[in-house]
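Below you'll find the structure, written out as structure tokens, and then a few comments.
2 protein chains.
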Amino acid sequence: MSATETTRQLIDRVEAWIEEQNAVALADCFRNLPVDETILVASRLDTDDQILLLELLPPDVSVDVLHALPFASASDLVEEISPASAAEILGEMPPSEQADLVGEMQPEQAEAVLALLDESNARRVKSLVRYPDDVAGGLMDNHFLALSRDLTVAAAIESIRQRASELSDYDVQYVYVRDVQNSLVGVLRLRDLLLASDETRLDRVMITNPRSVNDYLPLDDLREFFTEHQYLGVPVVNESGQMMGVVNRTAVEQALGERNADEFLKARGIIQEELRTMPLITRSRRRLMWLSANIVLNVIAASVIAAYEETLQQVIALAVFLPIISDMSGCSGNQAVAVSMRELSLGLVEPREVMRVWLKEVSVGIINGFALGVLLAGLAWLWQGNVWLGGVVGLALMINTTVAVSIGGTLPLIMKLLRLDPALASGPILTTVTDLFGFFLVLGMATQVLHLLK
Amino acid sequence: MSATETTRQLIDRVEAWIEEQNAVALADCFRNLPVDETILVASRLDTDDQILLLELLPPDVSVDVLHALPFASASDLVEEISPASAAEILGEMPPSEQADLVGEMQPEQAEAVLALLDESNARRVKSLVRYPDDVAGGLMDNHFLALSRDLTVAAAIESIRQRASELSDYDVQYVYVRDVQNSLVGVLRLRDLLLASDETRLDRVMITNPRSVNDYLPLDDLREFFTEHQYLGVPVVNESGQMMGVVNRTAVEQALGERNADEFLKARGIIQEELRTMPLITRSRRRLMWLSANIVLNVIAASVIAAYEETLQQVIALAVFLPIISDMSGCSGNQAVAVSMRELSLGLVEPREVMRVWLKEVSVGIINGFALGVLLAGLAWLWQGNVWLGGVVGLALMINTTVAVSIGGTLPLIMKLLRLDPALASGPILTTVTDLFGFFLVLGMATQVLHLLK
Numbered sequence: 046m047s048a049t050e051t052t053r054q055l056i057d058r059v060e061a062w063i064e065e066q067n068a069v070a071l072a073d074c075f076r077n078l079p080v081d082e083t084i085l086v087a088s089r090l091d092t093d094d095q096i097l098l099l100e101l102l103p104p105d106v107s108v109d110v111l112h113a114l115p116f117a118s119a120s121d122l123v124e125e126i127s128p129a130s131a132a133e134i135l136g137e138m139p140p141s142e143q144a145d146l147v148g149e150m151q152p153e154q155a156e157a158v159l160a161l162l163d164e165s166n167a168r169r170v171k172s173l174v175r176y177p178d179d180v181a182g183g184l185m186d187n188h189f190l191a192l193s194r195d196l197t198v199a200a201a202i203e204s205i206r207q208r209a210s211e212l213s214d215y216d217v218q219y220v221y222v223r224d225v226q227n228s229l230v231g232v233l234r235l236r237d238l239l240l241a242s243d244e245t246r247l248d249r250v251m252i253t254n255p256r257s258v259n260d261y262l263p264l265d266d267l268r269e270f271f272t273e274h275q276y277l278g279v280p281v282v283n284e285s286g287q288m289m290g291v292v293n294r295t296a297v298e299q300a301l302g303e304r305n306a307d308e309f310l311k312a313r314g315i316i317q318e319e320l321r322t323m324p325l326i327t328r329s330r331r332r333l334m335w336l337s338a339n340i341v342l343n344v345i346a347a348s349v350i351a352a353y354e355e356t357l358q359q360v361i362a363l364a365v366f367l368p369i370i371s372d373m374s375g376c377s378g379n380q381a382v383a384v385s386m387r388e389l390s391l392g393l394v395e396p397r398e399v400m401r402v403w404l405k406e407v408s409v410g411i412i413n414g415f416a417l418g419v420l421l422a423g424l425a426w427l428w429q430g431n432v433w434l435g436g437v438v439g440l441a442l443m444i445n446t447t448v449a450v451s452i453g454g455t456l457p458l459i460m461k462l463l464r465l466d467p468a469l470a471s472g473p474i475l476t477t478v479t480d481l482f483g484f485f486l487v488l489g490m491a492t493q494v495l496h497l498l499k
Numbered sequence: 046m047s048a049t050e051t052t053r054q055l056i057d058r059v060e061a062w063i064e065e066q067n068a069v070a071l072a073d074c075f076r077n078l079p080v081d082e083t084i085l086v087a088s089r090l091d092t093d094d095q096i097l098l099l100e101l102l103p104p105d106v107s108v109d110v111l112h113a114l115p116f117a118s119a120s121d122l123v124e125e126i127s128p129a130s131a132a133e134i135l136g137e138m139p140p141s142e143q144a145d146l147v148g149e150m151q152p153e154q155a156e157a158v159l160a161l162l163d164e165s166n167a168r169r170v171k172s173l174v175r176y177p178d179d180v181a182g183g184l185m186d187n188h189f190l191a192l193s194r195d196l197t198v199a200a201a202i203e204s205i206r207q208r209a210s211e212l213s214d215y216d217v218q219y220v221y222v223r224d225v226q227n228s229l230v231g232v233l234r235l236r237d238l239l240l241a242s243d244e245t246r247l248d249r250v251m252i253t254n255p256r257s258v259n260d261y262l263p264l265d266d267l268r269e270f271f272t273e274h275q276y277l278g279v280p281v282v283n284e285s286g287q288m289m290g291v292v293n294r295t296a297v298e299q300a301l302g303e304r305n306a307d308e309f310l311k312a313r314g315i316i317q318e319e320l321r322t323m324p325l326i327t328r329s330r331r332r333l334m335w336l337s338a339n340i341v342l343n344v345i346a347a348s349v350i351a352a353y354e355e356t357l358q359q360v361i362a363l364a365v366f367l368p369i370i371s372d373m374s375g376c377s378g379n380q381a382v383a384v385s386m387r388e389l390s391l392g393l394v395e396p397r398e399v400m401r402v403w404l405k406e407v408s409v410g411i412i413n414g415f416a417l418g419v420l421l422a423g424l425a426w427l428w429q430g431n432v433w434l435g436g437v438v439g440l441a442l443m444i445n446t447t448v449a450v451s452i453g454g455t456l457p458l459i460m461k462l463l464r465l466d467p468a469l470a471s472g473p474i475l476t477t478v479t480d481l482f483g484f485f486l487v488l489g490m491a492t493q494v495l496h497l498l499k
């Protein structure tokens, strides 16, 4: 069984229409397709068909198709279609989304598309493209409603009424009030405007000294801002106090959600966002890069075993316990990584507090190490009938669990201090070090008491 | 170095004030504390001090403290403080948050607190508590603005004006329009109200047949809804068509973000949300439960090694490669798990499509298995000078990588089909099976060609 029969049939029909260039049937089909079907159908077409589809559909429907696809796929596609189609489709998006897509293009393609956008829109997009994705400027929408402070409520409503059609694409929440220098001086909720009398000047009903954020404020600080304040959006101002746009709460929450999902992938060596619709070779290569580095680290760790071949030769049962100690230490260490990552992301711990986290973590390590060590010692004793063998593997696991949680708990903080990605901590670095040390403990101690183990 | 000097000093001061029951100083301090400091200070107090703090602070400040803490900590605390204080603090929250907290309480404590809330609020909270957290009813806010369809715009504005102070705590986005049976018949954006003339009846300016969702609609379907529609919120109706509340986009995005973060923890055996401020024994016990199950599975897998002790005795070098094959297969399998989890959460694959995913994944497995197998074979050959040894470990890794990605890619889908949590797939089940099979491959093949390895 592959896709459902109906999904399969639908894909076949869509492919046929694309081949016939039947724009009407395609528009009709995708306009009425629920979003989950759109995702399935659009993501399963091959790239050539996806490109043709986007060029054949009316721009407002193409936008829905692009929205349904993961961002990486959407940006790859927009780069492949003709600049004219791309510009038409971008015209249907808010400037921040346009900037995200243009930011992913090759410079020439970006230039070609920007030249075809209408001038004010192109200017907006250009001013957004220069910001990194994870600062206020990169997350903001620069389409906002700003009115002069000396307008009356009636004049403000009249001005909004005139721009009603332009505004209808945006969920306007607040009206921003500016002075003659274009600096932000106040903010008005639509409700305030609704409840005020016609002749009141805006600066009498606005909330003065509105909070704003700097255009280079990082995502984590924005998260804190929206935790602290129950706003739907916050104005973004540049160095000289001019209002550049609005960061909405939803944009921040979406970016945080994506970062979370990213960490899950990164911890497993899926650095770029892989999808099974990508070419086989791309997918294999990306995973292999990480795996090859990992196998080298594995060989380094295993070389400790080779150094003790003589001990192993005499007590072959030790070979049974090496993978157990390697795996269990890795698991304990990864638990500590997960807790540290969560505490970092909730702001419960600061990167500098390595010592505090280590003290908290080492206590868990000693307790769990003791419990797991005793368990493994008992199993080994029962199995091999040698209490000393039990003692060696149990003590090794005990010590190595403590080492693993110590490293696992503090590594994400240290990575953060070094401005590296803490999500990468849980993988190869941790397991290589705990393997090295674990093998050394088991085999080193066994060598010391070799005569008792035989 | 533990916390910053100033944070430490601040905590000491707060502890002193709590001891002196200095409510004024505490209120003054926490009212002006930035949210990141609030998190650090509040989370580091011991539980008794946290309880006293919440009881000493004015309710509107206590709410900020609770918001700063992770939900699990906040709900534990609210359960510990006196019902009178709890009711006062809950009174400062929207009903959906109250319901989340009340839902976590023991029944008697919940009864006591509900009895102290004002009647209409208590009714709202009770109607929310019965919904699970991950359906529309559990995510909705049941504080909304509904007006009768035959009101004029002027009367509607007058009615909103009268309720202005009550509404000021809520970010009202839409006005819902109901008929005499209390059924939802339309929706109005505040902007529409602002732009309409005074004498117009609401049902002339409202958007008719508004989209709504059922109160038991699951989170994933809500995600699809908000992907499909650019709304800020959607009305929730029960079976009989009555409007129950509003699910906001932010509530859905927040719930999805939390679920993502949860998966990261679950995959590492941190099932309950652990924080380092929790008692040591709780933290150790939770991690140990998972680790103990894991060590048993590890022992089962390692027992394959024990069954081949004789082979191992004769070719001791094999022991070096067992942990490598175990670790590398686990990594490859976990990459496949991560990609499947992501595709599931993006809606790019349906749980029934096990066969399709397997076909996509097995191709990557064969390519990567081949590359890693050749690499390991080469290393083994160079190291031990025996081409047959290289062949055995290389071939074993090759086959086992293919097995690992096959299991890893399909297991999350199978878990989902069986209505189990796919996040649990990547842990012990996967590694136990790949370890078992990997050890069996290396040692089984080595036994077959034993005379060539010596």
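Residue numbers (the working numbering), protein chains in the order written: chain R, 46 to 499; chain U, 46 to 499.
Every residue, glycine too, gets a C-beta built ideally from N, C-alpha and C.
| Query | Result |
| --- | --- |
| ARG246 of chain R to ASP195 of chain R, Cα distance in whole Å? | 6 Å |
| Compare the Cα-Cα distances from PHE465 of chain U to each of U:GLN287, U:LEU99, U:GLU308, U:ARG332 and report the closest residue. | Residue 465 of chain U is actually Leu in this sequence, not Phe. The candidate whose alpha carbon is nearest that of LEU465 of chain U is U:GLU308. |
| Between the alpha carbons of TRP335 of chain U and CYS376 of chain R, how many angstroms are there, rounded? | 10 Å |
| Kindly indicate which three-state DSSP category GLY290 of chain U falls into: helix, strand or coil? | strand |
| To the nearest angstrom, report how far apart THR14 of chain U and ARG321 of chain U are at their CA atoms. | Summary: the structure shown does not reach residue 14 of chain U, with chain U confined to residues 46 through 499, and so no result is reported for it. |
| Cβ of CYS74 of chain R less than 8 Å from any chain U Cβ? | no |
| Is the beta carbon of LEU442 of chain R sitting closer than 8 Å to the one on MET373 of chain R? | yes |
| Please return the same chain residues whose Cβ sits closer than 7 Å to the Cβ of THR476 of chain U, not counting the five positions on each side in sequence. | GLY375 |
| Which residues in the same chain have their Cβ closer than 6 Å to the Cβ of LEU101 of chain R, if we skip the five residues on either side of it in sequence? | ALA68, LEU71 |
| If we ignore side chains and look at the alpha-carbon of each, how far apart do THR455 of chain R and ARG401 of chain R end up? | 9 Å |
| What in chain R is Cβ-close to PRO457 of chain U, meaning under 9 Å? | Ordered by position in chain R, no residue passes the 9 Å Cβ test against PRO457 of chain U, which lies about 12 Å from the chain. |
| At the level of alpha carbons, what is the spacing between TYR353 of chain U and ASN413 of chain U? | 28 Å |
| State the Cα-Cα distance for the pair GLY436 of chain U and ILE361 of chain U, rounded to the nearest angstrom. | 16 Å |
| With a 10 Å radius around its C-beta and 16 neighbouring C-beta atoms as the bar for buried, classify ASP57 of chain R as buried or exposed. | exposed |
| Using three-state DSSP, classify SER47 of chain R as helix, strand or coil. | Because the pLDDT at SER47 of chain R is just 44, under 50, the model does not fix this residue reliably, and the point stays unresolved. |
| Using the beta-carbon count (16 or more within 10 Å), is GLN151 of chain R buried or exposed? | exposed |
| Give me the residue from U:VAL180, U:MET490, U:ASN187 with the minimum Cα distance to LYS171 of chain U. | U:ASN187 |
| Identify every residue that forms a DSSP beta bridge with ASN67 of chain U. | Note: ASN67 of chain U sits in no beta bridge, so no partner. |
| Following the continuous alpha helix (DSSP H) through PRO152 of chain U, name the residue where it begins and the one where it ends. | 152-161 |
| Along the beta strand (DSSP E) that carries PRO280 of chain U, what are the first and last residues, could you check? | 278-282 |
| Return the bridge partner residues of TYR219 of chain U from the DSSP annotation. | U:ARG234 |
| Whole angstroms is fine: what's the gap from LEU184 of chain U's alpha carbon to MET138 of chain U's? | 14 Å |
| Report all residues from its chain with a CB closer than 8 Å to the CB of LEU469 of chain U; omit the five preceding and five following residues, and keep chain order. | LYS311, ALA312, MET460 |
| In terms of alpha-carbon separation, which member of U:ASN445, U:SER193, U:ILE452, U:ALA300 lies closest to LEU486 of chain U? | U:ASN445 |
| With C-beta atoms as the reference, is ILE205 of chain R less than 8 Å away from LEU277 of chain U? | no |
| Consult DSSP for VAL258 of chain R and reduce its assignment to one of helix, strand or coil. | strand |
| With DSSP as the reference, label LEU363 of chain R as helix, strand or coil. | helix |
| Name, please, each residue of chain A whose Cβ falls closer than 9 Å to the Cβ of LYS499 of chain U. | Absent from the structure: chain A. Protein chains present are R and U. |
| Could you compute how far the alpha carbon of VAL494 of chain U sits from the alpha carbon of LEU420 of chain U? | 21 Å |
| Is PRO263 of chain R helix, strand or coil when you go by DSSP? | strand |
| Buried or exposed: where does LYS405 of chain U fall if 16 or more other Cβ atoms within 10 Å of its Cβ makes it buried? | buried |
| Against chain U, with Cβ distances strictly below 8 Å, would PRO115 of chain R count as a contact? | yes |
| With a threshold of 8 Å between beta-carbons, can HIS112 of chain U be considered close to chain R, or not? | yes |
| Taking the straight line between their C-alpha atoms, what separation do you get for LEU114 of chain U and ASP178 of chain U? | 19 Å |
| Step through the CB atoms of chain R and report whether any lies within less than 8 Å of the CB of ILE56 of chain U. | no |
| Output the distance between the C-alpha atoms of GLU244 of chain R and GLU203 of chain R, rounded to the nearest integer angstrom. | 12 Å |
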